Amino acid sequence: MTETTIHPGLIIAGVLAGLLTIAPGLIWLERRLLALWQDRYGPNRAGPFGVLVVLADTLKLFFKEDWIPPFADRPVFVIAPAIVAITVLMSFVIIPFAPGFIVTDFNIGILFFLAMSSMGAYSIILGGWASNNKYALLGAMRGAAQLISYEVFMGLSLMGVVLLTGSFRLQAIIEAQRDMWFVVPQFLGFVTFLIAGIAETHRLPFDIPEAESELIAGFHSEYSGMKFGLFFVGEYLGIMLISSLVVCLFFGGWLGPDFLPPIVWFIIKMFAFIFLFILLRASLPRPRYDQLMEFGWKILLPVTLLNLLVTAAIVLYQSGAEMNIKF
Amino acid sequence: MQVTFYIAAGVAILSTIMVITRFNIIHALLYLVVSFMALAVVFYIMGAPFAAALEVIVYAGAIVVLIIFVIMMLNLKSEAVAQEKKWLTPEVYVGPAILCIILLAELIYTIGVGNTVGITGQIVDVKEVGQSLYGEYILGVELSGMLLMSGIVGAYHLGRQKKKVVHRFLEKPEE
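As they're listed, the protein sequences go chains A and B. Oh and the first sequence: position 216 is 217 in the numbering used here, straight run, nothing missing. Oh and the second sequence: position 38 is 794 in the numbering used here, straight run, nothing missing.
So, in structure tokens, the structure goes:
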């Protein structure tokens, strides 16, 4: 455990408050940026630059009728949206925002994130199943297949970084990047992790679980009010989670020139990736379901395996270990 | 740590009982997930964080999701619940219960005799797990890898079918 000068309760409160403030703010950011890239204005009426649209959106979600369909499986229907928010927020536990500014320095580190993200798949699956609606069910099935397939490469793409560092702790991983960011030696790992991360947050172009042009809204067709709001916020939290993980694993986390404090560097880098997420949404079309699966299993999986193999070979060569296999 | 262990163990037992008594299969699987997570907590408390993480990632995160996926494909609803109700009569519990009581008696006897090793709570690092897997137990790892490979090949063979072309523009000339 690292020596934290700040009280852990304060860190938890700070992280939670920060995340839950930024997540709705991303609604505005996304709409403004999409508008910018599509040569429109976007929301610009309420407040300066239309920032108050966030407030209007949130109020609307709170006061909408929270309807549970009579044909739905009630308890499961209610649990499903909570799962996504809980799992994503729990994942932030392992992220170091600045030196010592981390909720807990788990010795299993990113494995905990992988565990939580695989739990997050249940929100889509259960939400779609409990809605008892054919579009929701189709969305849930696509979601289940997509999340399971992309989880595999996600885990494998991280292992290159783990091999180079020799630790699962994110703080150790960041410290190991003082000389060179891992994006250079682990470029393939970075690309595959980013793609898997986009698929894991089911953002466009990997949003086939909701695909509004063919499945109404996919797994959350039947959701309204704050239950839909939780899915919505969960998605934005997921974007922030993947962005901050990419920053920690491949872009040196809070490391940066001294003229800015570490946390500012972290936030700048994180927002750069959030911008990338939104730019991808603005520019890429949605693939067909079978294309998505094929791309995953036939391209990404071999690439990550190759990356892992080569990294392991180089690490082994550099460590100068002798081959002594005993049976 | 003792208290957390007993709470997690209690949750594991309770949720596992719920798994076998539910009529709705998805609810049963949800309890199964809870049971896996409780087991993961037990592992963590006993000083095996890597096993705990893998328990959640592999069992709760992947295997149960796959089972749910298959069940959603079958789209079982109220008829399945009714059928399950017909099957799960009190009599079917008699056989397993007797066998479990025998096992329980054996367990109580071994604990009573007292030649058991207590939990040391020593944390087993990921590195140690890897070293023992790829050193001492390499043969087991290789064999299970081969088993999984044969499973994949078999599934591919069974699931293979000729590609149906739905549109003439998508037709490939050689197929």
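All C-beta atoms, glycine included, are put in the ideal place defined by N, C-alpha and C. Please read all numbers here as calculations on a predicted model, not as lab measurements.
Please decide whether residue i counts as near chain A, where near means a Cβ-Cβ distance under 7 angstroms.
i               : result
V773 of chain B : Per the sequence shown, residue 773 of chain B should be read as Ile rather than Val. Output row for I773 of chain B: interface = no.
A911 of chain B : no
I801 of chain B : no
G817 of chain B : yes
A809 of chain B : yes
V821 of chain B : yes
P805 of chain B : yes
E847 of chain B : no
I824 of chain B : yes
D781 of chain B : Checking the displayed sequence, the identity of residue 781 of chain B turns out to be Ile instead of Asp. No, I781 of chain B lies away from the interface with chain A (no Cβ there is under 7 angstroms from its Cβ).
V812 of chain B : yes
M828 of chain B : yes
Does any CB atom of chain B fall closer than 7 angstroms to the CB of residue i?
i               : result
S92 of chain A  : no
T3 of chain A   : Note that T3 of chain A scores 47 on pLDDT, short of 50, meaning its location in the model is unreliable; the coordinates nonetheless yield the value given after this. False, the Cβ-Cβ gap to chain B never drops below 7 angstroms.
I149 of chain A : yes
I109 of chain A : yes
W130 of chain A : yes
M142 of chain A : yes
S119 of chain A : yes
L112 of chain A : yes
L115 of chain A : yes
A145 of chain A : yes
I87 of chain A  : no
A173 of chain A : no
A197 of chain A : no
Please go through the same chain and pick out, in chain order, the residues whose beta-carbon is closer than 8 angstroms to the beta-carbon of residue i, but skip the five residues on each side of it.
i               : result
F779 of chain B : V837, E840, K841, L844
F272 of chain A : S244
F328 of chain A : Bear in mind that the predicted position of F328 of chain A carries a pLDDT of just 48, short of 50, making it unreliable; the figure below should be weighed with that in mind. Contacts found: none.
V247 of chain A : F191, F194, L195, G198, F274
S771 of chain B : Y787, L788, V790, S791, A794
V826 of chain B : none
Going by beta-carbon coordinates alone, are residue i and residue j separated by less than 7 angstroms?
i               : j               : result
A131 of chain A : A73 of chain A  : yes
L889 of chain B : V897 of chain B : yes
A861 of chain B : A116 of chain A : no
I69 of chain A  : R143 of chain A : no
I125 of chain A : V821 of chain B : no
I1 of chain A   : P805 of chain B : Since the first residue shown for chain A is 2 and the last is 328, residue 1 of chain A is missing from the structure and cannot be characterised.
L171 of chain A : I80 of chain A  : no
L35 of chain A  : A283 of chain A : yes
L302 of chain A : F154 of chain A : yes
L112 of chain A : F169 of chain A : yes
G161 of chain A : Q187 of chain A : yes
A200 of chain A : Y123 of chain A : no
I813 of chain B : S119 of chain A : yes
In whole angstroms, what is the alpha-carbon distance linking residue i and residue j?
i               : j               : result
V184 of chain A : T105 of chain A : 25 angstroms
G766 of chain B : G253 of chain A : 42 angstroms
T3 of chain A   : V163 of chain A : Reliability of the predicted coordinates at T3 of chain A is poor, the pLDDT of 47 falling under 50, and the value obtained from them is presented with this limitation in mind. When rounded, the distance between both Cα atoms is 19 angstroms.
H8 of chain A   : A313 of chain A : 39 angstroms
V77 of chain A  : S791 of chain B : 17 angstroms
V316 of chain A : P82 of chain A  : 42 angstroms
E931 of chain B : R916 of chain B : Bear in mind that a pLDDT of 49 at E931 of chain B, under 50, signals an unreliable position, so the model cannot answer this.
L20 of chain A  : T760 of chain B : 29 angstroms
P846 of chain B : L306 of chain A : 50 angstroms
L277 of chain A : N308 of chain A : 24 angstroms
M227 of chain A : V848 of chain B : 44 angstroms
Y815 of chain B : A807 of chain B : 11 angstroms
A764 of chain B : F799 of chain B : 10 angstroms
A818 of chain B : L903 of chain B : 18 angstroms
I854 of chain B : I864 of chain B : 15 angstroms
P263 of chain A : R204 of chain A : 29 angstroms
I175 of chain A : V16 of chain A  : 19 angstroms
V909 of chain B : L189 of chain A : 28 angstroms
F63 of chain A  : N133 of chain A : 24 angstroms
L830 of chain B : E215 of chain A : 22 angstroms
Keeping to the same chain, check which residues put their C-beta closer than 7 angstroms to that of residue i; ignore five residues upstream and five downstream.
i               : result
F220 of chain A : I125, G128, G129, A137, G140, A141, G144, P210, E211
Y290 of chain A : R143, I209
V55 of chain A  : P25, G26, I28, W29
G803 of chain B : G877, Q878, I879, V880
Considering only residues of the same chain and omitting the five flanking positions on each side of residue i, which have a CB-CB separation below 6 angstroms?
i               : result
V89 of chain A  : G235, L238, G239, L242
F251 of chain A : F183, V184, F191
Q121 of chain A : In the sequence as presented, Gln is not what sits at residue 121 of chain A; that position holds Gly. These residues qualify, in order along the chain: V85, T88.
P44 of chain A  : R32, G51, V54
V775 of chain B : A784, Y787, L788
R46 of chain A  : none
K270 of chain A : V248, F252
(request) Quick one: which unbroken alpha helix (DSSP H) runs of 4-plus residues sit fully inside the region 772 to 821 of chain B? Chain order, please. (result) Segments of the alpha helix (DSSP H) lying fully in the region 772 to 821 of chain B: 781 to 801, 805 to 810.
Note to self: Please give the ranges of any beta strand (DSSP E) in the region 223 to 300 of chain A, keeping only runs that are unbroken, at least 3 residues long and fully inside the region.
What the structure shows: Residue ranges of uninterrupted beta strand (DSSP E) with 3 or more members are absent from the region 223 to 300 of chain A; none lies entirely inside it.
Go through the region 135 to 201 of chain A residue by residue and report every complete run of the alpha helix (DSSP H) that reaches 4 residues or more, in order. The qualifying runs are 135 to 166, 171 to 176, 188 to 201.
Worksheet item: Going along the chain, which unbroken runs of the beta strand (DSSP E) with 3 or more residues stay wholly within the region 848 to 901 of chain B?
Response: For the region 848 to 901 of chain B, not a single whole beta strand (DSSP E) run of length 3 or above is found.
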